[in-house]
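There are 2 protein chains.
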Amino acid sequence: MLSNSLAYAIKALIYIAQNSSETERITLKEISDSTLVPRPYIAKILQALVRGNVLQSVKGPNGGFYFREEGLEINLLQIAHILEGPDKYSNCILSLKECSAESPCPLHSNVGQIRTMFLESLEQITFRRLLQHEKSFDLF
Amino acid sequence: MLSNSLAYAIKALIYIAQNSSETERITLKEISDSTLVPRPYIAKILQALVRGNVLQSVKGPNGGFYFREEGLEINLLQIAHILEGPDKYSNCILSLKECSAESPCPLHSNVGQIRTMFLESLEQITFRRLLQHEKSFDLF
DNA sequence: GGTTAAATATGATAAATATCATATTTAAAG
DNA sequence: CTTTAAATATGATATTTATCATATTTAACC
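One line per chain: the protein sequences are A and B, in this order. Using this note's numbering, the first residue of the first sequence is number 23, and each one after it goes up by one. Using this note's numbering, the first residue of the second sequence is number 23, and each one after it goes up by one.
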């Protein structure tokens, strides 16, 4: 439902959101240990998120990752777009050329509608909002 | 959201359900032409569906595919299981070890719930039910 | 300024998915 | 019993996704 990379990214970002600040940076090792995502793999994902202006990173001793203030307003669908490009979740669930309310595909009104709700719910969830829950989930 | 293969399979099965009978079989070429799925690829998928007792096939001239009577009662989730194995859509949306109503993951109550609805809707839709719609969609 | 602890860049390998090609089997029909 | 129109089996190739490894850059601190 979510790609492996996207699920990994979300877990890592939840961890960072809950535990980091500009002065208290989180290292790759800590992220990898607490999400059980292999270090080189999560590294690649986090680099993309830095380029996507979600996270900030600092090299060198005492370096690490932390959330940008604006990053906290980013929602889960935007993360998907950053990691997988914007076209992944567009259009019809059967990928038909023509599919709309006027000429719906056979799944448009049932599964298709729930798919739309799914995308909307990804869009509604920001990391700021996830922060409002109690801290420290197990993320593995 | 659905794998390529699964979307292809559903399109082909809708076409077959709407146009076939035990005496009026549908050929690979016709299926490929009306769904725009490459012939060798849809062939492999249909073979799996024959092995999965959804379709019946007949070789030789005038041969082709048609729906088994029981096949019409099969739902979309079962098709997913036949093509991709049963574990694809199980457990937590973040693939966490522990995730349940008692100890929910951060997405359990929002995205996770919609994911559950999604799976349930796949489960509710049988090909018999899809047949109740008007015939002849464009399936490409 | 040398050491060290961190991210970064790059690319190699592996596994899963998707796609294509070809030879074989089967059954109908003359 | 030969031809022919179909599915079937098998496997080759390509693409995407996931995973791993290694060398480089950066900044802090002594």
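Virtual Cβ for every residue (Gly too), placed ideally from N, Cα, C.
- The three-state secondary structure of valine 59 (chain B), taken from DSSP, is coil.
- If you draw a straight line from the Cα of serine 43 (chain B) to the Cα of tyrosine 88 (chain B), it comes to about 6 Å.
- DSSP, reduced to helix, strand and coil, places asparagine 97 (chain B) within a strand of the structure shown.
- Out of A:Leu161, A:Arg47 and A:Ala102, the CA that lies nearest to the CA of methionine 23 (chain A) is found in A:Ala102.
- The Cβ of leucine 68 (chain B) sits no closer than 8 Å to any Cβ of chain A.
- By DSSP's assignment, phenylalanine 89 (chain A) forms a beta bridge with A:Leu77.
- Leucine 152 (chain A) and glycine 86 (chain A) have their C-alpha atoms roughly 21 Å apart.
- Shortest Cα-Cα distance from glutamate 120 (chain B) to any of A:Leu28, A:Thr57 and A:Thr49 involves A:Thr57.
- Given a length threshold of 4 residues, each whole run of the alpha helix (DSSP H) inside the segment 102 to 162 of chain B is given here in chain order: 133 to 146 and 149 to 153.
- Restricting attention to B:Lys110, B:Tyr111, B:Gln135 and B:Asn97, the CA atom closest to the CA of arginine 150 (chain B) is found in B:Asn97.
- In this structure, the beta-carbon distance from arginine 90 (chain B) to asparagine 113 (chain B) does not fall below 8 Å.
- Three or more pairs of CB atoms, one per stretch, sit closer than 8 Å, so the segment 65 to 85 of chain A contacts the segment 36 to 53 of chain A.
- The alpha-carbon separation between valine 59 (chain B) and glutamate 92 (chain B) amounts to approximately 25 Å.
- By the criterion of a C-beta distance shorter than 7 Å, serine 117 (chain B) is surrounded by no residue of its chain, once the five residues flanking it on both sides are discounted.
- A Cβ-Cβ contact shorter than 8 Å links leucine 161 (chain A) with lysine 33 (chain A).
- Residues of chain A whose Cβ lies closer than 8 Å to the Cβ of serine 143 (chain B) are, in chain order, Asn132, Val133 and Ile136.
- Residue-level contact check: leucine 116 (chain A) touches chain B, since one or more beta carbons of chain B fall below 8 Å from its beta carbon.
- Close CB contacts of isoleucine 38 (chain A) within its chain, under the 8 Å cut and outside five residues either way in sequence, are with Ile48, Ile53, Leu77, Phe87, Tyr88 and Phe89 (chain order).
- Apart from the 5 residues on each side of it in sequence, glutamate 95 (chain A) sits with its Cβ closer than 7 Å to the Cβ of Thr148 and Arg150 in its chain, given in chain order.
- One finds Leu116 and Ser117 in chain A with Cβ atoms closer than 7 Å to the Cβ of alanine 29 (chain B), taken in chain order.
- At least one beta carbon of chain A lies nearer than 8 Å to the beta carbon of phenylalanine 140 (chain B).
- For serine 27 (chain B), the enclosing alpha helix (DSSP H) stretches over residues 26 to 41.
- For isoleucine 147 (chain B), at least one C-beta of chain A is nearer than 8 Å to its own C-beta.
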